[in-house]
Amino acid sequence: MNKQDHQITGRLHSIESMGLVDGPGIRTIFFLQGCPLRCLYCHNPDTQNPEGGKIVTPSDILKLAKRYKPYQGDDGGVTFSGGEPLIHGEFLAESVKLLKENDFNICIDTSGYGQKKYYKEIFPYVDTILLDIKAFSEQAYLDMCSVQQKPLNDFMNELENYGFHGQIWVRHVMVPGYTDNKKSMQELIKTIEPIQHLVERLEILPYHTMGIDKYKELNMPYLLENVEPMDKEKAKEFEVYANVLLAEQMSKDRIDLKEKQDVGSSALESNVSLEEHNKIIGSFSNLPLLQHINSDILADIQHNLVVKKLEKDEILFQSGDDPNYMYIIYAGAIKIFNILPNLKEQIFYIYRKDSFVGGHNLLSDSKYWYTGEALMDSIVIAIPAKIFNTYFANKKSVLKEILSQSFERIRWAEDLINRLATINSSVKTAGLILRLAENFGIKKNDQIQIPMKFDRAEMSNFSGLTRDSLTRKLGEFEELGYIRIENEILTILNFDALESYLD
Numbered sequence: 001m002n003k004q005d006h007q008i009t010g011r012l013h014s015i016e017s018m019g020l021v022d023g024p025g026i027r028t029i030f031f032l033q034g035c036p037l038r039c040l041y042c043h044n045p046d047t048q049n050p051e052g053g054k055i056v057t058p059s060d061i062l063k064l065a066k067r068y069k070p071y072q073g074d075d076g077g078v079t080f081s082g083g084e085p086l087i088h089g090e091f092l093a094e095s096v097k098l099l100k101e102n103d104f105n106i107c108i109d110t111s112g113y114g115q116k117k118y119y120k121e122i123f124p125y126v127d128t129i130l131l132d133i134k135a136f137s138e139q140a141y142l143d144m145c146s147v148q149q150k151p152l153n154d155f156m157n158e159l160e161n162y163g164f165h166g167q168i169w170v171r172h173v174m175v176p177g178y179t180d181n182k183k184s185m186q187e188l189i190k191t192i193e194p195i196q197h198l199v200e201r202l203e204i205l206p207y208h209t210m211g212i213d214k215y216k217e218l219n220m221p222y223l224l225e226n227v228e229p230m231d232k233e234k235a236k237e238f239e240v241y242a243n244v245l246l247a248e249q250m251s252k253d254r255i256d257l258k259e260k261q262d263v264g265s266s267a268l269e270s271n272v273s274l275e276e277h278n279k280i281i282g283s284f285s286n287l288p289l290l291q292h293i294n295s296d297i298l299a300d301i302q303h304n305l306v307v308k309k310l311e312k313d314e315i316l317f318q319s320g321d322d323p324n325y326m327y328i329i330y331a332g333a334i335k336i337f338n339i340l341p342n343l344k345e346q347i348f349y350i351y352r353k354d355s356f357v358g359g360h361n362l363l364s365d366s367k368y369w370y371t372g373e374a375l376m377d378s379i380v381i382a383i384p385a386k387i388f389n390t391y392f393a394n395k396k397s398v399l400k401e402i403l404s405q406s407f408e409r410i411r412w413a414e415d416l417i418n419r420l421a422t423i424n425s426s427v428k429t430a431g432l433i434l435r436l437a438e439n440f441g442i443k444k445n446d447q448i449q450i451p452m453k454f455d456r457a458e459m460s461n462f463s464g465l466t467r468d469s470l471t472r473k474l475g476e477f478e479e480l481g482y483i484r485i486e487n488e489i490l491t492i493l494n495f496d497a498l499e500s501y502l503d
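Under our numbering, the letters of the sequence shown match residues 1 to 503, in that order.
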């Protein structure tokens with residue numbers, strides 16, 4: 001132990017080495033001793049006494065965390081719970097700093113009550129907050145927890161000023177006869193409004209009575225003894241309702257997103273046989289963009305067109321390329337993306353059969369500012385700039401189609417900006433599902449089914465989420481009854497609920 005460790009100590013009640021519900025992934029949970037709240041439904045009353053537990057140092061915490069790290073995986077880490085961990089301000093500040101220096105993901109399970117003077121030393125190192133919202137008014141907090149609500153409100157209003165830039169999981173224990181109604185869920189969403197743009201998950205936890213025996217052992221009265229456990233199915237219904245309300249509120253809170261891009265170059269060469277070329281060009285005139293072009297012109301130019309097969313992940317053009325062609329997607333799909341400063345892809349559009357790209361670039365003689373890549377095995381027809389300018393650029397029907405699709409892409413871009421501007425993964429995931437439905441959805445039995453033609457890495461790039469976060473959020477949407485994923489088919493079960501995230 002170093003000298004500072006001899007001066008800084010905390011009190012540890014217990015450890016859970018393989019926690020699965022208190023934060024993302026598999027977590028090592030340190031339950032700290034002491035809590036200023038006296039919640040009527042507290043199921044760990046043995047953690048309330050601040051003088052109990054075992055005295056430990058931040059180095060002790062790090063040593064224990066390292067012991068269990070092999071089990072945590074990519075998405076797991078360490079969670080501090082209690083009791084109320086924030087009452088151990090100095091100890092917690094040193095502990096989270098040590099853990100972050102050793103590459104641990106850090107979560108704090110808190111009610112927002114603690115030693116405020118240490119918050120700026122704690123929260124820059126915290127990845128996820130599990131925020132327990134006990135009630136929704138000053139009087140309700142006094143009745144339920146014997147504390148004022150103001151410290152929680154101050155905590156939420158000042159959280160980002162403390163240096164917190166992570167995500168929040170909001171939790172509320174629903175007690176029958178107290179908050180099991182829609183009005184309470186509305187008040188819950190209003191209560192968390194200051195942090196709604198940080199909320200990644202909202203959970204309604206059904207009240208249970210499993211802690212009653214502890215009260216007997218401690219010779220403490222249990223004040224909710226006559227209250228029956230909350231029905232789990234009913235609690236789930238309120239959870240769905242609260243999540244819809246939250247989605248509606250979050251759509252009002254957006255931030256700007258700035259993006260950079262790589263610059264590259266690409267060359268295009270035809271790679272199909274003459275027989276394949278003629279077969280594909282034979283249906284060329286049926287494309288929506290060209291329906292009003294004279295058949296004689298199409299016959300004259302067909303040998304000047306380039307037909308190219310692209311394998312999945314093959315580049316068609318890159319950011320910075322000159323507009324040498326207009327590309328029409330004959331089969332498959334082309335994704336349009338840029339590379340963000342963190343070197344991750346951000347997909348803007350997915351062009352499918354009969355869509356085109358590059359027409360506006362040819363008209364304005366502007367370079368591409370994005371990259372086009374095959375999302376799956378695809379075939380494109382490329383119209384060279386000279387042919388386009390000679391035969392298409394002065395045709396009203398072609399210009400009308402280009403402008404029409406440009407408008408659609410502006411609408412799509414605005415929607416994408418709205419989705420990506422929030423750090424909230426629910427908004428991003430809902431937006432992803434709806435856009436995939438628009439591009440690839442098939443109506444069947446009054447439902448929309450989306451064939452999962454792309455892997456989770458591509459879906460995460462389109463949504464702006466990590467693969468683990470997207471997988472977790474899709475699982476949550478299934479649990480909430482919004483979607484069903486079965487046999488590589490995603491079925492939308494509650495279209496309105498998904499749309500409410502984007503309204």
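Idealized CB from N, CA, C, for every residue including glycine.
Distance between residue j and residue i (C-alpha atoms, nearest Å)
i, j, result
"Gly10", "Pro50", "10 Å"
"Gly89", "Leu480", "36 Å"
"Arg435", "Thr491", "13 Å"
"Asn338", "Tyr368", "11 Å"
"Gln115", "Gln148", "15 Å"
"His13", "Pro36", "15 Å"
"Lys428", "Ile189", "19 Å"
"Pro341", "Glu275", "Any reading at Pro341 must be qualified, since the residue scores a pLDDT of 46, below 50, and its modelled position is unreliable; no value is offered."
"Leu470", "Thr128", "16 Å"
"Lys216", "Tyr222", "8 Å"
"Thr191", "Gly166", "19 Å"
"Asn181", "Ile485", "31 Å"
"Ile489", "Met459", "14 Å"
"Val272", "Tyr351", "21 Å"
Residue i versus the options, residue with shortest Cα-Cα distance
i, options, result
"Gly82", "Asn102, Lys279, Pro45 and Tyr118", "Pro45"
"Phe80", "Gln249, Thr110 and Lys54", "Thr110"
"Val175", "Gln149, Leu224, Tyr215 and Gly166", "Leu224"
"Gln196", "Met459, Ile485 and Asn424", "Asn424"
"Gln48", "Ile442, Met220 and Phe317", "Met220"
"Gln302", "Tyr391, Glu217, Gly475 and Tyr241", "Tyr391"
"Leu64", "Gly77, Gly52, Val244 and Gly53", "Gly77"
"Arg38", "Tyr113, Ser17, Lys100 and Phe30", "Tyr113"
"Gly52", "Glu314, Asp60, Phe31 and His43", "Phe31"
"Thr325", "Tyr351, Asn361 and Gly332", "The identity of residue 325 in the sequence shown is Tyr, whereas the question assumes Thr. Of the candidates Tyr351, Asn361 and Gly332, the one whose C-alpha sits nearest the C-alpha of Tyr325 is Asn361."
"Gly211", "Ser364, Cys42, Leu62 and Asn271", "Cys42"
"Ala331", "Asp354, Glu237 and Asp313", "Asp354"
Own chain partners of residue i with C-beta closer than 7 Å, once the 5 adjacent residues on each side are dropped
i, result
"Lys97", "Tyr125"
"Ala93", "Tyr118, Glu121 and Ile122"
"Asp75", "Pro24, Gly25 and Asp468"
"Ala571", "As displayed, the chain neither begins before 1 nor continues past 503, which places residue 571 out of reach and without an answer."
"Asn157", "Pro194"
"Gly163", "Lys120, Phe123 and Pro124"
"Arg27", "Gly19, Gln72, Gly76, Gly77, Val78, Thr79 and Cys107"
"Asp496", "none"
"Lys232", "Pro206"
"Glu138", "Gln148 and Gln149"
"Thr209", "Pro229"
9 Å Cβ cutoff met for residue i and residue j
i, j, result
"Met230", "Pro206", "yes"
"Met304", "Ile387", "It should be pointed out that residue 304 corresponds to Asn in this sequence rather than to Met. Cβ atoms of Asn304 and Ile387: closer than 9 Å."
"Ala374", "Leu298", "no"
"Glu200", "Arg171", "no"
"Asp377", "Leu310", "yes"
"Ile383", "Ile334", "no"
"Ala242", "Ser500", "no"
"Met144", "Leu218", "no"
Other residues of its chain near residue i: CB distance less than 8 Å, five sequence neighbours each side excluded
i, result
"Ile8", "Thr57, Pro58, Glu90, Phe91 and Glu94"
"Tyr370", "Gln261, Ser319, Ile336, Phe337, Asn338 and Phe348"
"Tyr141", "Lys134, Ala135, Val147, Gln148, Gln149 and Leu152"
"Gln249", "Ile189, Glu193 and Gln196"
"Glu239", "Leu202, Glu203, Ile204 and Leu480"
6 Å Cβ shell around residue i - same chain, five flanking residues per side excluded
i, result
"Ile277", "The sequence given here places His at residue 277; Ile does not occur at that position. Here the set comprises Val307."
"Glu16", "Ile29"
"Lys473", "Ser425 and Thr429"
"Thr179", "none"
"Leu131", "Ile168 and Val170"
Can you give, in chain order, each stretch of the beta strand (DSSP E) that sits fully within the segment 122–155 and has at least 3 residues? 128–132
Ranges of the beta strand (DSSP E) found wholly within the segment 2–79, counting only runs of at least 3: 10–19, 27–32 and 54–56
In the segment 160–235, which residue ranges form an unbroken beta strand (DSSP E) of at least 3 residues, counting only runs that do not cross its ends? 167–174 and 199–206
Pick out the complete beta strand (DSSP E) segments inside the segment 304–369, 3 residues or longer, and give them in chain order. 306–310, 315–317, 325–331, 333–339 and 345–352
Which runs of the beta strand (DSSP E) fall wholly inside the segment 422–449 and span at least 3 residues, in chain order? 442–444
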